[in-house]
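Q:
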Amino acid sequence: MFSDEQLLDMLTNQPEIGFGLLMDQYIGLVYTIVRSKLINVASSEDIEECTSDIFYEFYQNRDSLDLTKGTIKAFLSIIAKRKAIRQFHKLVRLSQNYLNEELEADRINSQEDVVSTLIDREVKADLVKEINALGEPDNEIFIRKYFMGQSTKAIAEALQIKANTVDKKISRGLHRLQNSIGGIL
Numbered sequence: 001m002f003s004d005e006q007l008l009d010m011l012t013n014q015p016e017i018g019f020g021l022l023m024d025q026y027i028g029l030v031y032t033i034v035r036s037k038l039i040n041v042a043s044s045e046d047i048e049e050c051t052s053d054i055f056y057e058f059y060q061n062r063d064s065l066d067l068t069k070g071t072i073k074a075f076l077s078i079i080a081k082r083k084a085i086r087q088f089h090k091l092v093r094l095s096q097n098y099l100n101e102e103l104e105a106d107r108i109n110s111q112e113d114v115v116s117t118l119i120d121r122e123v124k125a126d127l128v129k130e131i132n133a134l135g136e137p138d139n140e141i142f143i144r145k146y147f148m149g150q151s152t153k154a155i156a157e158a159l160q161i162k163a164n165t166v167d168k169k170i171s172r173g174l175h176r177l178q179n180s181i182g183g184i185l
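Positions 1 to 185 (UniProt numbering) are the ones given, in order, by the sequence shown.
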């Protein structure tokens, strides 16, 4: 195991060797941080790609690292946490966009279905709007539960809250949605 000073020196003077040593020493830490944030919303390939991006970002900023203010481990941990959270929010936004695109992709199959299709679209659009109006973390809980099919336990772990809190938020949210949409649910 190399000291922080030795690793920085290797990254500066022998970048390929230094980068390999950095990866060997900290890949487990960075991967664990990223995986803990993305496990319920990202594929293993996405997690690995995010981990690689973190090491690349560290390498790009290696000259600005001041070891008097912290360690390489701390710096990598901060980059990993922030990048994983950004990736999480990006994936959640993509899933919301997918829901909206799904609404748009509904096609009218026949003349008889015109009215029912229009009503369904309006109801779905109102539902998505009302779910988004619930605010964080309630709207995220609904998206994870009803659109991504995640279990209460998985949602609780991902959001770092108790499972019964997730159930209560779902119950209260359903009640609010029923009131705001006019009892359609």
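Yeah, the Cβ is synthetic: ideal placement off N, Cα and C, and Gly gets one too.
Given the structure is predicted, the values throughout are model-derived calculations rather than measurements.
Looking at Tyr-59: is its Cβ nearer than 8 Å to the Cβ of Leu-11?
A: Contact flag set, yes.
Q: Quick one: is Gly-18 buried, meaning 16 or more other Cβ sit within 10 Å of its Cβ, or exposed?
A: buried
Q: Pull up the distance between the alpha-carbon of Lys-83 and that of Lys-69, whole angstroms please.
A: 21 Å
Q: Could you give the residue range of the alpha helix (DSSP H) that holds residue 213?
A: Absent from the structure is residue 213, since the part of the chain shown begins at 1 and ends at 185.
Q: Comparing alpha-carbon positions, which option in Thr-165, Lys-168, Ser-52 and Ala-133 lies nearest Leu-177?
A: Ala-133
Q: Just to confirm, are residue 251 and Ser-77 a CB contact at a threshold of 8 Å?
A: In the structure as shown, the chain begins at 1 and stops at 185. Residue 251 is therefore absent and cannot be evaluated.
Q: DSSP on Ile-27, reduced to helix/strand/coil?
A: helix
Q: Entirely within the UniProt domain "RNA polymerase sigma-70 region 2" (22 to 90) and at least 4 residues each: give me those alpha helix (DSSP H) ranges in chain order.
A: 44 to 60
Q: Which two residues bound the contiguous alpha helix (DSSP H) that contains Met-10?
A: 4 to 13
Q: Assign Ile-39 to one of two classes, buried (16 or more other C-beta atoms within 10 Å of its C-beta) or exposed (fewer than that).
A: exposed
Q: Alpha carbon to alpha carbon, what distance is there between Tyr-31 and Arg-62?
A: 19 Å
Q: Closer than 7 Å by C-beta to Leu-91: which residues in its own chain qualify, once you throw out the five before and the five after it? Chain order, please.
A: Val-41 and Ala-42
Q: Going along the chain, which residues of its own chain have a beta-carbon closer than 7 Å to the beta-carbon of Ser-95, five neighbours each way excluded?
A: Ile-143, Phe-147 and Met-148
Q: Is Val-166 closer than 8 Å to Ile-141 when the C-beta atoms are compared?
A: Contact: yes.
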